[in-house]
Amino acid sequence: MPVDGDAPVYGQTVCVTGAGGFIASWIVKLLLERGYTVKGTVRNPEDPKNGHLKELEGAKERLILCKADLLDYESIKLAIGGCDGVFHTASPVTDDPEKMVEPAVNGTRNVIIAASEAKVRRVVFTSSIGAVHMDPNRSPDVVVDESCWSNLDFCKNTKNWYCYGKAVAEQAAWEVAKEKGVDLAVVCPVLTLGPLLQSNLNASIVHVLKYLTGSAKTYANSVQAYVHVRDVALAHILVFESPSSSFGRYLCAESVLHRGEVCDILAKYFPEYPIPTKCSDEASPRAQPYRFSNQKLKDLGLEFTPVKQCLYDTVKSLQEKGHLSVPPRREETVVSHY
Ligand SMILES: NC(=O)c1ccc[n+]([C@@H]2O[C@H](COP(=O)([O-])OP(=O)(O)OC[C@H]3O[C@@H](n4cnc5c(N)ncnc54)[C@H](OP(=O)(O)O)[C@@H]3O)[C@@H](O)[C@H]2O)c1
1 MPVDGDAPVY
11 GQTVCVTGAG
21 GFIASWIVKL
31 LLERGYTVKG
41 TVRNPEDPKN
51 GHLKELEGAK
61 ERLILCKADL
71 LDYESIKLAI
81 GGCDGVFHTA
91 SPVTDDPEKM
101 VEPAVNGTRN
111 VIIAASEAKV
121 RRVVFTSSIG
131 AVHMDPNRSP
141 DVVVDESCWS
151 NLDFCKNTKN
161 WYCYGKAVAE
171 QAAWEVAKEK
181 GVDLAVVCPV
191 LTLGPLLQSN
201 LNASIVHVLK
211 YLTGSAKTYA
221 NSVQAYVHVR
231 DVALAHILVF
241 ESPSSSFGRY
251 LCAESVLHRG
261 EVCDILAKYF
271 PEYPIPTKCS
281 DEASPRAQPY
291 RFSNQKLKDL
301 GLEFTPVKQC
311 LYDTVKSLQE
321 KGHLSVPPRR
331 EETVVSHY
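Shown next, in the form of C-alpha cells:
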C-alpha cells in the first residue's frame, strides 16, 4: 500500500488547480516529495501570496506554475495538457452565491472536459462535507458516509451557498466524467486544520483563530468534524494512485467535536489566550456529535492524525506565521503538548 514516505513516483506529470490554496499547497508539497512533476494553476503567478510554492522541496526542478482561471476554458486546457492526472482543488470558499456557484460548478465542468481532451488517467476532485451532510431529515442514528448527499433545497432555503455550490459542483463532476468517460475519484474533507504553508489565512483556519484572539466571547452550541490538512493531501494522492479508487467517493474526517470540546483542548495547550469558556446557548440541550465512517480511507492505508495534534499544529503555525501574537506564559500554566 503506497503511503506517505514510500518510494517516489518519478516521471508522471499532474496538474493541481488552485495550487496556492491551503489544501492544494499541501497536495503540491506531497506530490513533489513523491517525485511527480506538478503543473500548478494559480490566477496570478507573480502574486507574492503564491511565493511559498517556489520554496517547496523539488519545486525548482519539477513545479511549473500556470496562469489559469476556472472560468477561462483555454487557460485550464493549457494547464492540463500533457498531464497524467488532475487534482481539482480550486474553488471559491464563500457563502456569496454570485461568487460561489458559477466558478465552482462551471469551473469543475471545464476541468473535467479538459481532462477528457488530454486523456488523463484520473481526476481527483476536492468536494466537501458540505456536499454530504446538510440534510435536516437525516436520523441521528445514521452513520454519515460516502452514500450521503446534502439536501439542495435545504441548502438553498438556509442560504448556505457554499454547501449548495460544492454539492452541485460534485454532481456536475460525476455527470460530466460519466458522459466523457473520465476516471474520477472524489475526496470529501471536513473542516481542515493544521500548518499553513502559505502566508495568508484561509476560511477554515479563521474558525480556530477566532477562539484565540478574544473575538469570540462564547462558543456555539454546535458540532463540527475535523481533519488534518496533511491527511487531506495524502488522501488525494492515495485515491489517485490506488487502482481500486476508480469512481470512488471518500469521506475524509478524523473526529466530530462540540465547539466546547475544541475550546477545552485549546485552553489546555494554550492557556495564555482568552479562549471562551461559555456556550452561547446554555438553555438548550448540548448538541450531540453525529456518527461517521472514515473506513474507506483507512482501507487505503491512511492513518488519521488525532484532532488534538491537529489543533496544536494549527495554533503553532498561526504563531510562526505571525497571525497570532505569543503572550508570555506564567510558569504555573506551562503544559507540554504530549
Ligand atoms: N479548508 C477546508 O476546511 C475545506 C474543507 C472541505 C473542502 N474544502 C475544499 O478544498 C478546496 C480548497 O480549500 P482551501 O481551504 O484550501 O481554500 P483556499 O485556501 O481559499 O484555496 C482556494 C483556491 O481556489 C482558487 N480559486 C478560487 N476561485 C478560482 C477561480 N475562479 N479560478 C481559479 N482558481 C480559483 C484560489 O485561487 P486564488 O488564490 O487566486 O484566489 C485558491 O488557490 C476547495 O475546493 C474547498 O471547497 C476545504
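Under UniProt numbering, read the sequence shown as residues 1 to 338, first letter to last.
Where a beta carbon is used, it is the ideal one built from N, C-alpha and C, also for glycine.
Original post:
Which residues have their C-beta within less than 5 Å of a heavy atom of ligand 1, listed in chain order?
Top reply: Checking every Cβ against the heavy atoms of ligand 1 under 5 Å gives Gly18, Gly20, Gly21, Phe22, Ile23, Arg43, Asp69, Leu70, Thr89, Ala90, Ser91, Pro92, Val93, Pro103, Thr126, Ser128, Pro189, Leu191, Thr192, Asn202, Ser204.
Subject >> Limits of the beta strand (DSSP E) - the one that Pro271 falls within >> reply: Here the question's residue 271 lines up with position 271 in the sequence shown. Run containing Pro271: none; DSSP gives neither H nor E here.
Subject >> 9 Å Cβ cutoff met for Val120 and Val16 >> reply: For the purposes of this step, residue 120 is identified with residue 120 of the sequence shown, where counting begins at 1. For the purposes of this step, residue 16 is identified with residue 16 of the sequence shown, where counting begins at 1. Cβ distance not < 9 Å, so Val120 and Val16 don't count as in contact.
Subject >> At least 3 beta-carbon pairs within less than 8 Å: the segment 136-145 vs the segment 71-83 >> reply: Flag = no, the segment 136-145 and the segment 71-83 do not touch.
Original post:
Where does Val239 sit, in a helix, a strand or coil, going by DSSP?
Top reply: Taking the sequence shown and counting its residues from 1, one reaches residue 239 at position 239. Reduced to three states, the DSSP call for Val239 is helix.
**OP:** Identify whether Pro189 lies in helix, strand or coil by the three-state DSSP scheme.
**Re:** Within the sequence shown, the letter at position 189 stands for residue 189. Three-state DSSP puts Pro189 in a strand.
Original post:
How many Å lie between Lys60 and Ser222 at the Cα?
Top reply: Here residue 60 refers to the residue found at position 60 when the sequence shown is read from its first residue. Here residue 222 refers to the residue found at position 222 when the sequence shown is read from its first residue. So the alpha carbons of these two residues sit roughly 45 Å apart.
**OP:** Please name the residue in Glu98, Asp183, Val168, Ser284 whose C-alpha comes closest to that of Ile129.
**Re:** If you number the sequence shown from 1, residue 129 lands on position 129. Answer by Cα proximity: Val168.
Original post:
So, using beta-carbon positions, are Tyr219 and Arg259 closer together than 9 Å?
Top reply: Here residue 219 is taken as the residue at index 219 of the sequence shown, counted from 1. Here residue 259 is taken as the residue at index 259 of the sequence shown, counted from 1. Closer than 9 Å, so yes.
**OP:** Hey, could you find the ends of the beta strand (DSSP E) Cys15 is sitting in?
**Re:** Here residue 15 corresponds to residue number 15 of the sequence shown, with the count starting at 1. Residues 13-17.
Original post:
So, helix, strand or coil for Cys148, using DSSP?
Top reply: Here residue 148 corresponds to residue number 148 of the sequence shown, with the count starting at 1. Correct three-state label for Cys148: coil.
Original post:
Does the distance from the C-beta atom of Ala185 to that of Tyr226 stay below 9 Å?
Top reply: Counting from 1 along the sequence shown, the entry for residue 185 is found at position 185. Counting from 1 along the sequence shown, the entry for residue 226 is found at position 226. The Cβ atoms of Ala185 and Tyr226 do not sit closer than 9 Å to each other.
**OP:** Below 8 Å on the Cβ atoms is my guess for Glu98 versus Ala131; work out the distance and round it to an integer in Å.
**Re:** Numbered from 1 along the sequence shown, position 98 holds the residue referred to as residue 98. Numbered from 1 along the sequence shown, position 131 holds the residue referred to as residue 131. About 20 Å separates the two Cβ atoms, so there is no contact after all.
Subject >> Three-way DSSP call (helix, strand, coil) for Asp4 in this model >> reply: In the sequence shown, counting from the first residue as 1, residue 4 sits at position 4. In this predicted model, Asp4 has a pLDDT of only 45, less than 50, meaning its place in the structure is not dependable; the value taken from the coordinates is given anyway. Asp4: coil per DSSP, three-state reduction.
Original post:
Going by Cα to Cα distance, which pick from Asn50, Arg291, Ile80 is closest to Gln12?
Top reply: Here residue 12 refers to the residue found at position 12 when the sequence shown is read from its first residue. Just measuring C-alpha positions, the residue of Asn50, Arg291, Ile80 sitting nearest Gln12 is Ile80.
**OP:** Measure the Cβ-Cβ separation of Glu146 and Cys83 and say whether it is below 9 Å.
**Re:** For the purposes of this step, residue 146 is taken as the residue at position 146 of the sequence shown. For the purposes of this step, residue 83 is taken as the residue at position 83 of the sequence shown. Going by beta carbons, Glu146 and Cys83 fall outside the 9 Å limit.
Subject >> Best match in Thr314, Phe154, Leu197, Gln224 for proximity to Lys54 [C-alpha to C-alpha] >> reply: Taking the first residue of the sequence shown as 1, we reach residue 54 at position 54. Out of Thr314, Phe154, Leu197, Gln224, Leu197 has the C-alpha closest to the C-alpha of Lys54.
Subject >> Beta-carbon separation (whole angstroms), Ala173 vs Ile112, contact threshold 8 Å >> reply: Position 173 of the sequence shown, counted from the start, is the residue given in the question as residue 173. Position 112 of the sequence shown, counted from the start, is the residue given in the question as residue 112. At roughly 6 Å, the Cβ-Cβ gap stays under 8 Å, so Ala173 and Ile112 are in contact.
**OP:** Please classify Arg286: is it buried, with 16 or more other beta-carbons within 10 angstroms of its beta-carbon, or exposed?
**Re:** Walking along the sequence shown from the start, residue 286 turns up at place 286. Result: exposed.
Subject >> Own chain partners of Val315 with C-beta closer than 6 Å, once the 5 adjacent residues on each side are dropped >> reply: On the sequence shown, residue 315 is found 315 positions in, with the first residue counted as 1. Correct list, in chain order: Phe270.
Original post:
Once you ignore the five residues that flank Val326 on each side, which residues in its own chain have a CB closer than 7 Å to its CB?
Top reply: By 1-based counting over the sequence shown, the position of residue 326 is 326. Close CB contacts of Val326 within its chain, under the 7 Å cut and outside five residues either way in sequence, are with Gln319 (chain order).
**OP:** Could you tell me if Val206 is buried or exposed, where buried requires 16 or more neighbouring beta carbons within 10 angstroms of its beta carbon?
**Re:** The sequence position of residue 206 within the sequence shown is 206, counting from 1. Residue burial is scored here from C-beta neighbours: Val206 has fewer than 16 other C-beta atoms within 10 angstroms and is therefore classed as exposed.
Original post:
Identify the residues that DSSP records as bridge partners of Ile64: which are they?
Top reply: Your numbering for residue 64 matches position 64 in the sequence shown. Lys39, per the DSSP bridge assignment.
Subject >> Ranges of the beta strand (DSSP E) found wholly within the segment 260-312, counting only runs of at least 3 >> reply: Contiguous beta strand (DSSP E) elements confined to the segment 260-312 do not occur, taking only those with 3 or more residues.
Original post:
Where does Ala220 fall in DSSP's three states?
Top reply: Position 220 of the sequence shown, counted from the first residue, corresponds to residue 220. Of the three classes helix, strand and coil, the one that applies to Ala220 here is coil, per DSSP.
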